[in-house]
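Position 45 of the sequence shown, counting from 1, maps to 213 under this note's numbering, and the rest follow consecutively. First up is the structure itself, then whatever we jot down about it.
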Amino acid sequence: MTNAERLIRTLYKLTEGQLGQWRMIDSLGKVGTAGAVDTAMRAGWIDLEGGHLVRLTEQGWQRATIVGK
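Next comes the structure, spelled out in structure tokens:
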């Protein structure tokens, strides 16, 4: 599992699998690194708001369910 996949999986767990739920990047702990956030954004897995809020996209939600198996 890549760091970006760990990030979206953690975000999936924090939001209890619900789309559209914003979370602070800081709440992601060690997986919320700039590199992981950048990779997840480029993959279309997350939306970023104001440089500190993050949420899963539908594509990210789907990927998180796959990597969580």
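Ideal Cβ positions, reconstructed from N, Cα and C, are used throughout, including at glycine. Please read these numbers as outputs of a predicted model, since none were measured by experiment.
State the start and end residues of the unbroken beta strand (DSSP E) segment that holds residue i.
i: residue 214; result: 214-217
What first and last residue would you give for the alpha helix (DSSP H) that runs through residue i?
i: residue 235; result: 226-235
For a quick check, are the C-beta atoms of residue i and residue j less than 8 angstroms apart?
i: residue 225; j: residue 214; result: yes
i: residue 219; j: residue 177; result: no
i: residue 208; j: residue 188; result: no
Please report the straight-line C-alpha distance between residue i and residue j, rounded to a whole angstrom.
i: residue 217; j: residue 232; result: 20 angstroms
i: residue 222; j: residue 184; result: 14 angstroms
i: residue 203; j: residue 192; result: 16 angstroms
i: residue 212; j: residue 174; result: 15 angstroms
i: residue 169; j: residue 234; result: 11 angstroms
i: residue 206; j: residue 194; result: 15 angstroms
i: residue 230; j: residue 186; result: 11 angstroms
Does any residue of chain B bring its CB to less than 8 angstroms from the CB of residue i?
i: residue 183; result: Of the chains in the structure shown, none is chain B; there is only one protein chain.
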